[in-house]
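Student: Below are the structure tokens for one structure; questions will follow.
Protein chains in written order, with my numbering: chain S, 183 to 501; chain G, 12 to 276.
Printed below as a string of structure tokens:
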């Protein structure tokens with residue numbers, strides 16, 4: 183398999199905090215690669231290392247086979263990048279920002295650059311605001327412009343850091359469509375917290391937690407990696423004792439709980455489906471202080487996998 | 012090669028010039044395609060030449076050499092303060108706003124980023140503060156007094172002002188790469204600017220190293236302003252401060268390039 187990004191023990195330390203610990207990442211060509219992890223996991227640090235914006239403390243990495251320490255400009259000439267919080271020159275218009283960005287890649291001809299800029303404005307839905315100074319743009323419009331400037335050069339690798347942040351549902355859908363459209367020609371490497379999106383468009387994911395890579399591989403492979411079946415349970419009442427009891431059962435991998443409208447939503451991950459089918463509901467009903475309002479078997483989803491793996495790792499990012 | 016880009020002539024190379032033309036164009040655009048150029052001209056005309064005109068047409072009618080000296084002092088001191096104010100945010104502002112990280116995520120070299128700022132701001136400052144104000148002052152002084160100045164000699168004097176400004180441009184640029192906050196970037200050059208006279212009172216020999224006498228006299232007899240001497244066609248007392256200022260500017264630029272290359276965004 184051909185890799186666009188490959189890192190070997192890549193690490194970054196800021197004073198006494200290890201932001202990234204020995205990252206061994208492999209991003210296949212023409213994949214849509216979801217780079218996941220909670221806030222502060224080290225995702226943006228990893229991206230900045232690939233772009234040459236920061237230097238590694240140890241380890242090595244390559245993008246398109248070029249060294250990230252020595253060939254940074256050559257690497258960036260084939261990349262499009264959307265930062266997490268895109269900032270542009272406020273005195274410029276959207277059209278000028280795209281023209282300015284395009285000129286880092288293209289010398290000319292000017293009419294073709296103008297065409298590409300117009301096409302990009304259309305793609306991100308900013309044609310009508312193309313000639314307004316961006317100082318008046320909303321967060322969503324800036325995000326759209328950010329996506330536009332990241333792909334104006336039709337990059338071989340598109341790196342998107344939280345591309346759907348600040349977008350309404352329609353904008354989010356558009357971004358996913360753009361990503362799917364680009365898949366044929368481009369490798370898309372993107373960070374997000376929206377796991378539904380990742381499951382919808384990505385083929386490969388990596389999960390980073392506290393600077394450590396805790397999982398990596400094709401989504402289907404990860405979901406079938408033996409974590410078993412998940413049951414979704416909705417209960418009313420104080421379920422802490424029940425949760426403790428159920429978590430301790432030998433055929434239960436773990437229980438994740440979240441609260442919504444005074445109800446507790448549990449995701450019970452099990453490793454023995456037959457036993458769970460017979461016993462789980464019975465076990466829940468043993469506690470008379472709780473009312474089970476919903477109980478169903480769920481397909482194991484990326485979200486479940488993510489919570490299991492992140493909550494199961496006890497990494498400490500202090501040296 | 013990137014698919015779909017066959018119609019374009021691609022930028023190539025990965026040396027220090029990569030992105031320079033584009034960055035220069037953007038920086039010049041910031042000066043001359045926005046309101047900035049005429050706002051600067053208005054501000055400096057108000058600060059320097061309106062006052063000069065008032066002194067020239069007042070009842071007492073100041074003599075030409077005195078008007079010329081006052082113009083040079085105003086241009087040398089007020090202008091240098093203005094340069095520090097204009098330059099203070101060029102690097103630090105972009106570092107803190109995140110635009111530097113955005114630009115440097117494109118195929119642009121770090122030296123190109125810094126040199127574009129240095130060149131465009133130097134030209135912007137030279138045009139709006141030195142050339143325009145110099146031209147207005149030339150007209151005011153020559154039309155209201157008996158003094159005659161050869162245009163080329165006068166231009167040479169304005170060149171000395173540019174050397175003085177370039178010292179502060181490169182100093183603030185360097186400080187912008189070394190610090191993350193605006194306070195030291197503007198504070199250090201301003202403290203240096205106004206402490207020079209006091210330091211020269213204690214160690215007069217430093218007059219040959221400091222840029223002060225390029226535009227402002229210390230003692231009219233002993234160390235007259237080099238810019239005024241050139242404008243009036245007389246020999247300056249020495250060219251050493253000019254050479255020292257130039258050398259300092261080169262050192263500041265080299266340190267800025269070195270420090271910016273090591274910066275993390």
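Glycine is no exception: its CB is placed at the ideal position from the N, C-alpha and C atoms.
Hey, does residue 548/S have any beta-carbon neighbour from chain G nearer than 8 Å?
Tutor: Beyond the ends of chain S as shown, which are 183 and 501, falls residue 548/S; an answer cannot be given.
Student: What residues from chain S crowd round residue 43/G, counting only those whose CB sits closer than 9 Å?
Tutor: The residue given as residue 43/G occupies position 32 in the second chain. Simply none; closest approach about 12 Å.
Student: Give the interface partners of residue 127/G over in chain S, defined as CB-CB distance under 7 Å, in chain order.
Tutor: Looking up residue 127/G in the second chain gives position 116. The premise fails here: residue 127/G is roughly 12 Å from chain S at the closest Cβ pair, so nothing lies under 7 Å.
Student: Buried or exposed for residue 230/G, please, with buried defined as at least 16 other CB atoms from any protein chain shown within 10 angstroms of its CB.
Tutor: Your numbering for residue 230/G matches position 219 in the second chain. Within 10 angstroms of the beta-carbon of residue 230/G lie fewer than 16 other beta-carbons, which makes it exposed.
Student: Assuming contact is defined by CB atoms lying nearer than 8 Å, are residue 188/S and residue 240/S in contact in what I supplied?
Tutor: The residue given as residue 188/S occupies position 6 in the first chain. The residue given as residue 240/S occupies position 58 in the first chain. It is not a contact, given that the beta carbons lie outside the stated cut-off.
Student: From residue 104/G to residue 227/S, what distance separates their C-alpha atoms?
Tutor: What you label residue 104/G is simply residue 93 of the second chain in a count that begins at 1. What you label residue 227/S is simply residue 45 of the first chain in a count that begins at 1. Cα-Cα distance, rounded: 22 Å.
Student: Can you find a C-beta in chain S that's less than 8 Å from the C-beta of residue 276/G?
Tutor: As a first step, residue 276/G is located in the second chain; it is residue number 265 there, counting from the start. Judged by the 8 Å Cβ criterion, residue 276/G is in contact with chain S.
Student: Buried or exposed for residue 20/G, going by 16 or more other Cβ atoms inside 10 Å?
Tutor: The sequence position of residue 20/G within the second chain is 9, counting from 1. It counts as exposed.
Student: Give me the chain S residues within the contact set of residue 29/G, using Cβ-Cβ distance strictly less than 7 Å, ordered along the chain.
Tutor: On the second chain, position 18 is the one that residue 29/G refers to. Those are 255, listed as they occur along chain S.
Student: If the cut-off is 8 Å on Cβ atoms, which residues from the segment 321-355 of chain S count as contacting chain G, listed in chain order?
Tutor: 335, 336, 337, 338
Student: Tell me the DSSP secondary structure of residue 65/G in three-state form.
Tutor: Here residue 65/G is taken as the residue at index 54 of the second chain, counted from 1. Helix.
Student: Identify, in the order they occur along the chain, each residue of the same chain with its Cβ nearer than 8 Å to the Cβ of residue 272/S, setting aside the five sequence neighbours on each side.
Tutor: Here residue 272/S refers to the residue found at position 90 of the first chain. Excluding residues within five positions, the ones whose Cβ falls inside 8 Å are 315, 316, 317.
Student: Comparing C-alpha positions only, which one of 300/S, 236/S, 391/S sits nearest to residue 111/G?
Tutor: On the second chain, position 100 is the one that residue 111/G refers to. If we check each option's Cα against that of residue 111/G, 236/S comes out closest.
Student: Do three or more CB pairs link the segment 23-43 of chain G to the segment 113-128 of chain G at distances below 8 Å?
Tutor: yes
Student: Could you tell me if residue 430/S is buried or exposed, where buried requires 16 or more neighbouring beta carbons within 10 angstroms of its beta carbon?
Tutor: As a first step, residue 430/S must be located in the first chain, where it is residue number 248. With fewer than 16 Cβ atoms within 10 Å of its Cβ, residue 430/S is classed as exposed.
Student: At the 8 Å Cβ level, is residue 192/S part of the contact set with chain G, yes or no?
Tutor: In the first chain, residue 192/S corresponds to position 10, counting from 1. Chain G contact via Cβ: absent.
Student: Listing by chain order, which chain G residues have their CB less than 9 Å from the CB of residue 291/S?
Tutor: Residue 291/S sits at position 109 when you count from the first residue of the first chain. Those within 9 Å of residue 291/S in chain G are 18, 19, 20.
Student: Quick check on the burial criterion: 16 or more other C-beta atoms within 10 angstroms. Buried or exposed for residue 319/S?
Tutor: Here residue 319/S refers to the residue found at position 137 when the first chain is read from its first residue. Looking at its Cβ environment, which holds 16 or more other Cβ atoms inside 10 Å, residue 319/S is buried.
Student: Measure the CB-CB distance between residue 109/G and residue 442/S and report whether it falls below 8 Å.
Tutor: Against the second chain, residue 109/G aligns to sequence position 98. Against the first chain, residue 442/S aligns to sequence position 260. The answer is no: Cβ separation not under 8 Å.
Student: Apply the 10 Å Cβ neighbour rule to residue 132/G and answer buried if 16 or more other Cβ atoms are within range, or exposed otherwise.
Tutor: For the purposes of this step, residue 132/G is taken as residue 121 along the second chain, with counting starting at 1. It counts as buried.
Student: Could you give the uninterrupted runs of the alpha helix (DSSP H) lying entirely in the segment 79-149 of chain G, keeping only those of 4 residues or more?
Tutor: Complete alpha helix (DSSP H) runs here, min 4: 110-115, 121-136.
Student: For the alpha helix (DSSP H) holding residue 258/G, just list the boundary residues, first then last.
Tutor: Taking the second chain and counting its residues from 1, one reaches residue 258/G at position 247. Note, residue 258/G: alpha helix (DSSP H), 251-273.
Student: If distances are taken between C-alpha atoms only, which option among 364/S, 250/S, 220/S, 310/S comes closest to residue 212/S?
Tutor: Along the first chain, one-based indexing puts residue 212/S at 30. Nearest option by C-alpha distance: 364/S.
Student: What separation, rounded to the nearest whole angstrom, lies between the Cα atoms of residue 437/S and residue 422/S?
Tutor: Locating residue 437/S in the first chain gives position 255, counting from the first residue. Locating residue 422/S in the first chain gives position 240, counting from the first residue. Cα-Cα distance, rounded: 11 Å.
Student: What span of residues does the beta strand (DSSP E) with residue 157/G cover, start to end?
Tutor: Position 146 of the second chain, counted from the start, is the residue given in the question as residue 157/G. Note, residue 157/G: premise wrong, no beta strand (DSSP E); not H, not E.
Student: DSSP three-state call for residue 255/S: helix, strand or coil?
Tutor: Counting from one through the first chain, the residue named residue 255/S turns up at place 73. Note: residue 255/S maps to helix in three-state DSSP.
Student: Check whether chain G comes within 8 Å of residue 242/S, counting only Cβ atoms and requiring the distance to be less than that.
Tutor: The residue labelled residue 242/S in the question sits at position 60 within the first chain. No - not a single Cβ of chain G is within 8 Å of the one on residue 242/S.
Student: Using alpha carbons as the reference points, say which of 385/S, 263/S, 450/S, 386/S lies closest to residue 417/S.
Tutor: Reading the first chain from its first residue, position 235 is the one you call residue 417/S. Nearest of 385/S, 263/S, 450/S, 386/S to residue 417/S, Cα basis: 450/S.
Student: Give the single residue among 200/G, 130/G, 194/G whose Cα lies nearest to the Cα of residue 182/G.
Tutor: In the second chain, residue 182/G corresponds to position 171, counting from 1. Closest by alpha carbon: 200/G.
Student: So, does the CB of residue 317/S fall closer than 8 Å to a CB anywhere in chain G?
Tutor: Within the first chain, numbered from 1, the residue matching residue 317/S stands at position 135. It does not; no Cβ of chain G falls within 8 Å.
Student: Is the CB of residue 110/G under 8 Å away from at least one CB in chain S?
Tutor: Within the second chain, numbered from 1, the residue matching residue 110/G stands at position 99. By this cut-off, residue 110/G is an interface position.
Student: Between residue 294/S and chain G, is there a C-beta pair that is closer than 8 Å?
Tutor: Numbered from 1 along the first chain, position 112 holds the residue referred to as residue 294/S. Residue 294/S counts as touching chain G.
Student: Hey, is residue 115/G's beta-carbon within less than 8 Å of any beta-carbon in chain S?
Tutor: Here the question's residue 115/G lines up with position 104 in the second chain. Cβ-Cβ to chain S under 8 Å: yes for residue 115/G.
Student: Assuming residue 219/S and residue 389/S make a contact with CB atoms under 8 Å, what is their CB distance in whole Å?
Tutor: Working through the first chain from its first residue, we reach residue 219/S at position 37. Working through the first chain from its first residue, we reach residue 389/S at position 207. Between residue 389/S and residue 219/S the Cβ distance is about 6 Å, and since that is below 8 Å, they are a contact.
Student: Suppose the cutoff is 6 Å on Cβ atoms and the five residues either side in sequence are ignored; what does the same chain contact list for residue 39/G look like?
Tutor: Position 28 of the second chain, counting from 1, holds the residue named residue 39/G. 131, listed in sequence order.
Student: At what residues does the alpha helix (DSSP H) containing residue 188/G begin and finish?
Tutor: The residue given as residue 188/G occupies position 177 in the second chain. Residue 188/G -> alpha helix (DSSP H) spans 162-189.
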